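Sequence lines, in order, name chains B and C. With this note's numbering, the residue at position 172 of the first sequence is 172, and numbering never jumps. With this note's numbering, the residue at position 33 of the second sequence is 33, and numbering never jumps. Beta carbons: idealized from backbone N, C-alpha and C, even for Gly. On a predicted model such as this, the values are computed, not experimentally measured, just so you know. One structure is given below, encoded as structure tokens.
Protein chains: 2
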Amino acid sequence: MMQTALKLTPKGAATRSRIVEAAAELMFVNGVAGTTLEHVRDEAGVSSSQIYHYFVDKDALVRAVIDYQNDAVVAEQENAFARLDSIAALRAWRDEVIAHQDRMNCKGGCPIAALGSQLGELDHDARSGVAQGFHRWQAAIRHGFHAMQDNGTLPAELDIETLATAMLASLQGGLLLCQMHRSTDPLRAAMDTMIDHVADLAA
Amino acid sequence: MMQTALKLTPKGAATRSRIVEAAAELMFVNGVAGTTLEHVRDEAGVSSSQIYHYFVDKDALVRAVIDYQNDAVVAEQENAFARLDSIAALRAWRDEVIAHQDRMNCKGGCPIAALGSQLGELDHDARSGVAQGFHRWQAAIRHGFHAMQDNGTLPAELDIETLATAMLASLQGGLLLCQMHRSTDPLRAAMDTMIDHVADLAA
DNA sequence: GTAAAAATGGATCAGCAACTCCAGAAATGA
DNA sequence: TCATTTCTGGAGTTGCTGATCCATTTTTAC
């Protein structure tokens with residue numbers, strides 16, 4: 001693709017960023033289809049033609065938003081799991097996730113999952129980008145489990161690949177139920193049950 | 001709500017059903033925003049005004065589609081869990097879910113979750129309807145676990161409310177990853193891990 | 001300093017999709 | 001039978017939104 005073949009001056013890069021950030025925020029709140037480029041234009045404080053100067057069309061902007069959310073969400077998760085090496089730390093992570101949903105009033109769910117669900121069957125590039133984000137996320141969790149193997153918390157023969165995938169699935173399913181029910185209860189149930197299972201494996 | 005205050009003749013009810021079924025199918029494949037009423041019109045073989053004769057606007061049709069999918073999906077799951085009373089039966093259910101996704105080439109994911117993700121923050125009635133579907137689904141799973149308590153497979157003091165929620169979350173998260181990665185592997189990982197956990201509790 | 005490239009503003013276009021209207025056909029019920 | 005209600009067909013209309021154009025200003029590079 002490489003549509004970013006244009007050279008960007010610092011000012012241009014800043015403008016591009018403002019557009020992507022505004023679009024990300026609006027699409028998180030109003031959905032992709034519910035976000036018009038006019039909204040993005042106003043929110044980012046740019047003119048219509050700017051958007052088309054930096055992105056060939058709306059789909060290209062959406063893909064940039066996916067990349068942006070991948071970095072924003074997964075980078076944070078990678079950071080959280082980098083020093084995650086005990087069951088207690090896992091429970092602390094759980095607390096953070098739930099507290100965050102509480103602050104959001106259970107609205108929006110996972111930004112990456114939201115984009116994936118909305119675009120999954122319509123835009124294959126988008127789906128692929130979302131899958132990449134999930135892959136990075138799963139790897140981050142797996143590295144945490146690997147550290148727990150290294151320090152003896154988890155048995156070495158454990159299939160942490162499968163366990164990390166199951167953990168991510170529980171989290172995502174929990175977030176979905178949390179969003180739909182407007183309650184953190186199901187998210188808590190999902191994460192606690194999965195962490196209990198990991199704790200059982202540790203014993 | 002009760003917008004179905006109009007009397008429906010058998011013929012009218014059939015037409016209404018055809019519209020809802022066509023809309024459900026199209027929205028599953030192309031998403032809600034990607035489905036135009038013109039498509040629905042053609043697919044159902046009716047004229048434009050028919051749709052507005054039976055539904056005040058597109059949102060009303062969407063809500064009817066949610067009700068339709070709730071019945072279609074959850075009723076099947078209720079039936080599956082009605083006679084689910086052993087770990088082996090749980091694994092057989094897992095096989096069915098995975099086989100179904102295989103047949104779909106991992107496309108579309110869960111119809112209810114798809115509608116919820118697309119409409120969650122835009123249409124509160126829709127979100128509420130989706131939540132209701134999930135609630136019924138969770139209850140079905142819980143009843144299955146209750147039967148397993150009755151026949152001694154699971155300990156009586158177990159919190160099956162939480163366990164059923166966690167199982168549904170694992171399933172939904174697994175389906176999402178399955179759809180995004182176009183592979184049943186993550187779905188298998190999620191369901192197997194959760195069923196293993198239930199099996200541990202049974203021992 | 002100056003020419004080329006990049007960035008910006010804003011008016012405008014064009015197509016599509018939700019929704020409307022109304023006339024006429026079919027069914028219902030007495 | 002006949003009046004009333006329900007159902008159907010399809011040609012509009014309207015507003016919105018993605019996309020375009022081009023003139024102008026700002027920045028870059030030599």
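In chain B, what lies closer than 9 Å to PHE134 of chain C by C-beta?
Result: LEU176, LEU177, MET180, HIS181 and PRO186.
With DSSP as the reference, label CYS110 of chain B as helix, strand or coil.
Coil at CYS110 of chain B, not helix or strand.
Is it buried or exposed, ASP200 of chain C, if we count other Cβ atoms within 10 angstroms and call 16 or more buried?
exposed
Distance, Cα to Cα, HIS39 of chain B vs PHE28 of chain B?
13 Å
List the endpoints of the continuous alpha helix (DSSP H) containing VAL73 of chain C.
That residue, VAL73 of chain C, is in no alpha helix (DSSP H); it is neither H nor E in DSSP.
Suppose you measure from the CA of GLN3 of chain B to the CA of PHE55 of chain B; what does that come to, to the nearest Å?
Low local confidence applies: a pLDDT of 37 at GLN3 of chain B is under 50, so the model's placement there is unreliable, with the coordinate-based value given in what follows. Rounded to whole angstroms, GLN3 of chain B to PHE55 of chain B spans 8 Å at the Cα level.
Taking Cβ-Cβ distances shorter than 8 Å, what residues in chain C pair up with VAL29 of chain B?
GLU121
Would THR15 of chain C be called buried (16 or more neighbouring beta carbons within 10 Å of its own) or exposed?
buried
If you draw a straight line from the C-alpha of ASP102 of chain B to the C-alpha of GLN50 of chain B, how long is it?
Distance between the alpha carbons of ASP102 of chain B and GLN50 of chain B is about 36 Å.
According to DSSP, is GLY31 of chain B part of a helix, a strand, or is it coil?
coil
For a contact meaning CB atoms closer than 8 Å, what does VAL130 of chain B contact in chain C?
MET180
DSSP three-state label for LEU201 of chain C, please.
helix
Please confirm whether THR35 of chain C has its beta-carbon closer than 8 Å to some beta-carbon of chain B.
no
Consult DSSP for GLN118 of chain C and reduce its assignment to one of helix, strand or coil.
helix
Would you grab the beta carbon distance between MET191 of chain B and VAL130 of chain C for me? Rounded to a whole angstrom, and I think it's under 8 Å.
So it is not a contact: roughly 21 Å between Cβ atoms.
Is GLY144 of chain C close to chain B? Criterion is C-beta to C-beta, closer than 8 Å.
no
For THR193 of chain C, would you say it is in contact with chain B, using Cβ-to-Cβ distances shorter than 8 Å as the test?
yes
Does any residue of chain C bring its CB to less than 8 Å from the CB of LYS58 of chain B?
no
CB-CB under 8 Å to ASP67 of chain C, same chain, minus the five flanking residues each way: which ones, in chain order?
Result list for ASP67 of chain C: GLY129, in chain order.
Near ASN151 of chain C, which residues of its chain fall below 6 Å by C-beta distance, leaving aside the five closest residues on each side in sequence?
Taking ASN151 of chain C as the centre and dropping the five residues before and after it, the same chain places the C-beta of ASP85 closer than 6 Å to its C-beta, in chain order.
Roughly how many angstroms separate the alpha carbons of VAL62 of chain C and THR193 of chain B, rounded to a whole number?
34 Å
Taking only three categories from DSSP, how would you classify ARG83 of chain C?
coil
Quick one: which residues of the stretch 90–103 of chain B get their C-beta closer than 8 Å to a C-beta of chain C? List them in chain order.
none
Less than 8 Å separating the beta-carbons of LEU158 of chain B and GLN149 of chain B?
yes
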